[in-house]
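Read the structure below first, then the notes.
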Amino acid sequence: MIPFVRNREEFEQHLVALHKDGWSIRGLARHFSIGRNTVRKILRKHDDQRDNGHDILHETKKKVIRPSKLDPFAGQIKEIFEEYPGLSGQRVFEKLQNNGYDGGISILRERLRILRPSPKKTPIVRFETEPGLQGQMDWSPYTIKFTHSEKILINCFSYILGFSRRQYIDFTPRRDFYTLIRRHQDVFNHFDGVPQHCLYDSEKTVVLRWEAGQPVFNPSYSAFITHYHCRPIACQRGRPETKGKIEKPFQYIENNLLAGRKFRDLDDLKACARWWLQEKSDLHVHDTTGRPPLELFLEKEQDALQPLPRHPYDCAEVYLRVCDLEGYIEFETNRYPVPYEYVADILTLKATEHEIIVYSAELA
68 MIPFVRNREE FEQHLVALHK DGWSIRGLAR HFSIGRNTVR KILRKHDDQR
118 DNGHDILHET KKKVIRPSKL DPFAGQIKEI FEEYPGLSGQ RVFEKLQNNG
168 YDGGISILRE RLRILRPSPK KTPIVRFETE PGLQGQMDWS PYTIKFTHSE
218 KILINCFSYI LGFSRRQYID FTPRRDFYTL IRRHQDVFNH FDGVPQHCLY
268 DSEKTVVLRW EAGQPVFNPS YSAFITHYHC RPIACQRGRP ETKGKIEKPF
318 QYIENNLLAG RKFRDLDDLK ACARWWLQEK SDLHVHDTTG RPPLELFLEK
368 EQDALQPLPR HPYDCAEVYL RVCDLEGYIE FETNRYPVPY EYVADILTLK
418 ATEHEIIVYS AELA
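Okay, here's the thing in structure tokens:
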């Protein structure tokens with residue numbers, strides 16, 4: 068059965084994952100009803116990015132949103148389906164034809180599949196994961212009074228491996244998409260490997276929305292996580308118990324790391340977190356496994372993780388900036404000088420966590 072995909076990034080994620088599971092190029096071409104050369108092109112692009120480096124500037128092609136004959140009837144379709152949720156696609160098609168719709172029934176059935184209410188969710192059975200199979204990620208906000216500044220809202224990023232319970236944390240003022248993927252790179256480097264799956268909440272940086280009970284992943288995030296051969300899994304909404312491995316460790320962070328300690332500033336907090344991971348979190352005996360996370364990780368999980376690609380994903384932010392009459396461009400309230408011949412030009416700015424790179428129009 069061909070999976071229902073909503074964008075190019077999600078399609079490539081499915082294709083790369085199946086190829087990694089052993090599917091042949093011929094089998095993938097038949098499964099997705101595409102040419103073998105198209106399959107080869109996608110796999111070559113993916114391997115090239117992992118082996119030779121990924122550059123976010125090469126992904127600036129504008130996506131064309133094609134209009135559909137169903138667009139003018141979107142409101143009518145929703146009203147019909149809300150009133151008659153079990154109405155067949157053929158009957159909805161007939162009703163729309165009476166109102167002037169002259170398109171086909173195939174695109175209508177695709178739209179109805181999105182609008183149709185999802186089946187009742189089955190109870191979730193908690194289970195233990197195999198080594199290297201799953202990681203769980205989440206955020207938790209904390210208001211911290213630093214001794215050298217006022218109270219500041221800081222976000223704790225936490226990632227824990229499902230089998231060994233080995234954890235990685237970091238504290239950051241930002242909680243946006245770029246911070247998310249950069250912290251993931253830190254996680255994968257910390258563990259020197261990548262689990263096969265990762266479980267997430269339905270936050271916008273990962274899951275844009277839900278349609279017919281299925282998550283619509285952020286295409287930019289799908290592209291990032293596919294680079295590391297990891298499959299994202301969205302936690303069911305309203306069912307926090309499905310992420311118990313990550314929710315409970317926040318209590319451990321609050322009671323063992325943050326409680327009874329004072330921090331000069333954010334750098335001091337981050338340094339203490341690194342010490343705590345090495346001296347406390349890795350070495351304490353976990354309540355569920357009865358083993359120290361680091362011990363179990365080294366014994367059974369480290370070798371089960373997937374290897375890192377030769378080159379990391381390019382996590383830079385890309386912006387366009389106009390050089391002002393004084394020869395400066397502005398980024399995040401700071402001004403940076405550029406050669407005066409670029410005054411009034413539109414320049415491409417590529418920002419990492421540690422530097423910014425400005426490209427002229429000829430190089431971008």
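Anchor point for the sequence shown: position 187 equals 254 in our numbering, and the numbering is continuous, going up by one each time.
C-beta atoms are modelled at their ideal positions from N, C-alpha and C, and glycine is treated no differently.
As the structure is a computational prediction, the values presented were derived from the model and not from experiment.
Note down, in chain order, each residue of its chain lying with its Cβ closer than 6 Å to the Cβ of residue i, except the 5 sequence neighbours on either side.
i: residue 343; result: 324
i: residue 413; result: 387, 389
i: residue 179; result: 156
i: residue 190; result: Confidence in residue 190 is poor, its pLDDT being 48 and thus under 50, which makes the residue's placement too unreliable to answer from.
i: residue 272; result: 244, 247
i: residue 198; result: 230, 367, 368, 371
i: residue 176; result: 156
i: residue 106; result: 92, 95, 96
Would you tell me roughly how many angstroms separate the C-alpha atoms of residue i and residue j, rounded to the nearest one?
i: residue 249; j: residue 378; result: 14 Å
i: residue 95; j: residue 112; result: 16 Å
i: residue 265; j: residue 241; result: 21 Å
i: residue 173; j: residue 154; result: 16 Å
i: residue 316; j: residue 373; result: 24 Å
i: residue 238; j: residue 333; result: 8 Å
i: residue 114; j: residue 421; result: 27 Å
i: residue 253; j: residue 259; result: 10 Å
i: residue 358; j: residue 201; result: 18 Å
i: residue 110; j: residue 336; result: 42 Å
i: residue 149; j: residue 75; result: 30 Å
i: residue 136; j: residue 170; result: 6 Å
i: residue 92; j: residue 79; result: 13 Å
i: residue 104; j: residue 381; result: 26 Å
i: residue 108; j: residue 365; result: 38 Å
i: residue 286; j: residue 298; result: 13 Å
i: residue 122; j: residue 227; result: 28 Å
i: residue 403; j: residue 294; result: 32 Å
i: residue 432; j: residue 263; result: Any property of residue 432 remains undetermined from this structure, which presents the chain solely from 68 to 431.
i: residue 397; j: residue 423; result: 11 Å
i: residue 192; j: residue 116; result: At residue 192 the pLDDT is 49, less than 50, meaning the model places this residue with poor confidence and gives no usable figure here.
For the alpha helix (DSSP H) containing residue i, name the first residue and the last one.
i: residue 159; result: 156 to 165
i: residue 287; result: 286 to 294
i: residue 65; result: The shown model of the chain, from 68 to 431, leaves out residue 65, and the question about it has no answer.
i: residue 253; result: 244 to 258
i: residue 82; result: 75 to 87
i: residue 401; result: Element bounds for residue 401: not the alpha helix (DSSP H) but the beta strand (DSSP E), 401 to 404.
i: residue 202; result: Run containing residue 202: none in the alpha helix (DSSP H); it sits in the beta strand (DSSP E), 201 to 212.
i: residue 58; result: Look at the range of the chain in this structure, 68 to 431, and you will see that residue 58 is not part of it.
i: residue 339; result: 333 to 343
i: residue 14; result: Residue 14 cannot be examined here, being either before or after the span of the chain that is shown, 68 to 431.
Keeping to the same chain, check which residues put their C-beta closer than 7 Å to that of residue i; ignore five residues upstream and five downstream.
i: residue 236; result: 223, 224, 225, 320, 340, 344
i: residue 331; result: 213, 214, 215
i: residue 296; result: 87, 261, 373
i: residue 394; result: 404, 405, 407, 410
i: residue 329; result: 214
Below 8 Å CB to CB, which residues in the same chain sit around residue i once its five sequence neighbours on both sides are set aside?
i: residue 210; result: 218, 219, 220, 221
i: residue 140; result: 163, 166, 168
i: residue 270; result: 206
i: residue 428; result: 412, 413, 414, 415
i: residue 375; result: 255, 256, 259, 260, 261, 295
Assign residue i to one of two classes, buried (16 or more other C-beta atoms within 10 Å of its C-beta) or exposed (fewer than that).
i: residue 267; result: buried
i: residue 205; result: buried
i: residue 102; result: exposed
i: residue 246; result: buried
i: residue 368; result: buried
i: residue 289; result: buried
i: residue 383; result: buried
i: residue 146; result: exposed
i: residue 97; result: exposed
i: residue 352; result: exposed
i: residue 188; result: For residue 188, the pLDDT reaches just 49, beneath the cut-off of 50, and the residue's location in the model is therefore unreliable, although a value from the coordinates is still provided. With fewer than 16 Cβ atoms within 10 Å of its Cβ, residue 188 is classed as exposed.
i: residue 77; result: buried
i: residue 363; result: buried
i: residue 419; result: exposed
Can you tell me where the beta strand (DSSP E) with residue i in it begins and where it stops?
i: residue 218; result: 218 to 228
i: residue 418; result: 413 to 418
i: residue 297; result: From DSSP, residue 297 is part of no beta strand (DSSP E); its letter is neither H nor E.
i: residue 266; result: 264 to 267
i: residue 276; result: 274 to 278
i: residue 238; result: 234 to 239
Under 8 Å between C-beta atoms, does residue i make it to chain D?
i: residue 317; result: This model lacks chain D altogether, as it is built from one protein chain only.
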